[in-house]
Amino acid sequence: MKRLLMLGSMIFAAALFINADVSTAALKTGTVTDYTTGMAAGGISFSRHNLGSFGRVIRSGNTTEICVFCHTPHHTNTSMAPIWNRGNPTSTFTAYGPTIGGSTISTVGGPSLACLSCHDGVTTFDNIVNTPGKGGVTPGGVDRNWGFNMPVGNLFPGSDNVLLDAFHLAPSLNCVLYCHNAATKFDGELIASMVIGTDLTNDHPVSVAYGGGQKASLRDAATVISTIDLKGDLAASAATAYNNNLAQNRWAVKGFISDTATISDLLRDGNVECSSCHDPHFSNKSWDEVDETWLIAGPASTWCNSNEDCSDGLFLRRVGGNTGSGVCRTCHEK
Ligand code: HEC
Ligand code: HEC
Ligand code: HEC
Ligand code: HEC
Numbered sequence: 083m084k085r086l087l088m089l090g091s092m093i094f095a096a097a098l099f100i101n102a103d104v105s106t107a108a109l110k111t112g113t114v115t116d117y118t119t120g121m122a123a124g125g126i127s128f129s130r131h132n133l134g135s136f137g138r139v140i141r142s143g144n145t146t147e148i149c150v151f152c153h154t155p156h157h158t159n160t161s162m163a164p165i166w167n168r169g170n171p172t173s174t175f176t177a178y179g180p181t182i183g184g185s186t187i188s189t190v191g192g193p194s195l196a197c198l199s200c201h202d203g204v205t206t207f208d209n210i211v212n213t214p215g216k217g218g219v220t221p222g223g224v225d226r227n228w229g230f231n232m233p234v235g236n237l238f239p240g241s242d243n244v245l246l247d248a249f250h251l252a253p254s255l256n257c258v259l260y261c262h263n264a265a266t267k268f269d270g271e272l273i274a275s276m277v278i279g280t281d282l283t284n285d286h287p288v289s290v291a292y293g294g295g296q297k298a299s300l301r302d303a304a305t306v307i308s309t310i311d312l313k314g315d316l317a318a319s320a321a322t323a324y325n326n327n328l329a330q331n332r333w334a335v336k337g338f339i340s341d342t343a344t345i346s347d348l349l350r351d352g353n354v355e356c357s358s359c360h361d362p363h364f365s366n367k368s369w370d371e372v373d374e375t376w377l378i379a380g381p382a383s384t385w386c387n388s389n390e391d392c393s394d395g396l397f398l399r400r401v402g403g404n405t406g407s408g409v410c411r412t413c414h415e416k
């Protein structure tokens, strides 16, 4: 009996192992059908959101830790996101203002400031409050002045100290021309698109109450997302295009791919925030359209092998990304 049990648990362990293996592979190069319900919405380690030295894009030489750029277990800044390890953004933001539906957005909420504490194009990535290891903390959750340690010397592919990624740096560019220059800060085709900036009047409203049934053709917040028919109004080919993308509508919610989540699960304190549409941990390889447009020529080709490997699918929560404007039409019944 004992033997049988042992064998059973070995088979179980093997099944778990195989399962874990498949999941990782899917997360690296997945189609819609690879992201099954119940699977963890992960992949941060090989995504742009790993700024530690085992990361691949923009990374520091000063720590191998991944979570530390956003979370720490103790002495956290409680004003933005759970166990948050970043100081408040150093910028002043202009909120969206009035909407056609009659909402007025005058402040930016914590969950969105969390993202903007890197994506404002001003606050530095090393603005963290509890440094890795025994580096110390600043009480009150403000910037510890820890150093990101941007690379010095050779920044180009093929060298060990290419800490800033090969993805952005063409040989004609250097630190000053590329980033550390007030006039051209974060300039360059791709990096510029990553900077949302401090003026939020030109971005989809955030920190706005979800007025389901009242404003902007918004569906009821209790709607189960997977029941929304996204293909009905489209050409017949939409039923099967991009791996049956529009025939299903599963989103990453609470860290897992879900077919039972409602729109409410996307809201933070009843509001739409950056994290309503994006999950910063979910390197979502299932948006085939965006993968196809990702450039692998030039410096980028030194670190990613295929277009799909280059993209994080814009960290969108929807499996299949924004194919057929599936993200937009999940909330807006347009
Ligand atoms: C680039 C910033 C960033 C990094 C790096 C990061 N997180 Fe997060 N994390 C966030 C934000 C923002 C939220 C709040 C998201 C929301 O409102 O859904 C969050 C929420 C969470 C949550 C609760 C919600 C959920 O999705 O499960 C867990 C658990 C979590 N993070 C774990 C981790 C771990 C473990 C790591 C390191 C492996 C990590 N995070 C790295 C930004 C980050
Ligand atoms: C209503 C949903 C929604 C909200 C809210 C939202 N985003 Fe996005 N975001 C998207 C979609 C969809 C894309 C992909 C756009 C595309 O097709 O390139 C995107 C793209 C991006 C990109 C890549 C640049 C680009 O335009 O392609 C960044 C960076 C980004 N979002 C950050 C943020 C931040 C930071 C916030 C909060 C201030 C935020 N997003 C709020 C839906 C949203
Ligand atoms: C610790 C800093 C940091 C935080 C916090 C952070 N990001 Fe990022 N994010 C980055 C960096 C660095 C990149 C890569 C920029 C580049 O390639 O130029 C990136 C890339 C992205 C991209 C592009 C992914 C792709 O497929 O190319 C999106 C979308 C994005 N972030 C959204 C968010 C959202 C939404 C949040 C909050 C939930 C957030 N980020 C929080 C640092 C951060
Ligand atoms: C998580 C739900 C959600 C998603 C997803 C979403 N929206 Fe919205 N959208 C809202 C809310 C909430 C408002 C604010 C409505 C109001 O209060 O007037 C809004 C407002 C708008 C407005 C009107 C802004 C104004 O000034 O009146 C437009 C246009 C819009 N969204 C387009 C989009 C597009 C395009 C997408 C996909 C990229 C999208 N939305 C995805 C929730 C969402």
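With the numbering used here, the residue at position 170 of the sequence shown is 252, and numbering never jumps. Ideal placement from N, C-alpha and C gives every residue a C-beta, glycine not left out.
Query                                                                                                           : Result
Nearest candidate by alpha-carbon position, reference D208, set T174, T181, E147                                : E147
Ligand 1 heavy atom lying under 7 Å from the CB of I339                                                         : no
Extent of the continuous beta strand (DSSP E) to which V335 belongs                                             : 333-335
A177 in three-state terms, based on DSSP                                                                        : coil
Ligand 3 heavy atom lying under 7 Å from the CB of H286                                                         : no
Bridge partners - I187, DSSP secondary structure assignment                                                     : G179
Burial state of R399, where buried means 16 or more other Cβ atoms lie within 10 Å                              : buried
L349, DSSP secondary structure in three states                                                                  : coil
Own chain, CB closer than 7 Å to V150, minus 5 neighbours either side, in chain order                           : N167, I210, P214
Those residues which DSSP pairs with I210 across a bridge                                                       : R168
Sequence-distant residues of the same chain with beta carbon closer than 7 Å to H156, five excluded per side    : N212
Distance between beta carbons of T176 and L282, contact taken as under 8 Å                                      : 6 Å
I307 in three-state terms, based on DSSP                                                                        : helix
C-beta contact flag for V204 and T309 at 8 Å                                                                    : no
Own chain residues within Cβ distance below 6 Å of F99, not counting five before or after                       : For F99, the pLDDT reaches just 36, beneath the cut-off of 50, and the residue's location in the model is therefore unreliable, although a value from the coordinates is still provided. Same-chain partners within the cutoff: there are none.
Host alpha helix (DSSP H) of S358 (start-end)                                                                   : 356-359
Straight-line Cα distance separating S275 from Y178                                                             : 19 Å
Close-in-space but distant-in-sequence residues of the same chain around H70 (CB under 8 Å, 5 per side omitted) : In the structure as shown, the chain starts at 83 and stops at 416, and residue 70 therefore has no counterpart that could be examined.
Cutoff 7 Å; reference T405; Cβ partners in own chain excluding five residues on either side                     : Y324, N327, L328, W369, E371
Top-ranked residue by Cα proximity to S161, from A343, R141, S199                                               : S199
Straight-line gap, T186 to C410 (C-alpha atoms, nearest Å)                                                      : 21 Å
Where the beta strand (DSSP E) through A340 begins and ends                                                     : The sequence shown places Ser at residue 340, not Ala. Residues 338-340.
L349 burial status per 10 Å Cβ neighbour count (16 or more: buried)                                             : buried
Straight-line Cα distance separating T375 from N190                                                             : For the record, residue 190 in the displayed sequence is Val; it is not Asn. The alpha-carbon atoms of V190 and T375 are separated by roughly 32 Å.
Unbroken alpha helix (DSSP H) run spanning T412, endpoints                                                      : 408-413
Whole-angstrom distance between G184 and G408, CA atom to CA atom                                               : 25 Å
Start-to-end residues for the alpha helix (DSSP H) that takes in H432                                           : This structure cannot settle anything about residue 432, because the visible part of the chain is limited to 83 through 416.
Residue environment, L133, which counts as buried when at least 16 other CB atoms sit within 10 Å               : buried
S421 classed as buried or exposed, judged by whether at least 16 other C-beta atoms fall within 10 angstroms    : As displayed, the chain neither begins before 83 nor continues past 416, which places residue 421 out of reach and without an answer.
A196 beta carbon near ligand 3 (any heavy atom closer than 7 Å)                                                 : yes
Spatial neighbours of K416 in its chain, beta-carbon cut-off 7 Å, leaving aside the 5 residues before and after : S299
L237, buried or exposed, once every other Cβ within 10 Å from all chains shown has been counted against 16      : With a pLDDT of only 41 at L237, under the threshold of 50, the placement of this residue in the model should not be trusted; the figure read from the coordinates follows. Under this definition L237 is a buried residue.
Coarse secondary structure for T375, derived from DSSP in three states                                          : helix
Check: V139 C-beta below 7 Å from any heavy atom of ligand 3                                                    : yes
Rounded distance between the beta-carbons of F128 and S365, thought under 8 Å                                   : 7 Å
Delimiting residues of the alpha helix (DSSP H) encompassing A163                                               : Note, A163: premise wrong, no alpha helix (DSSP H); not H, not E.
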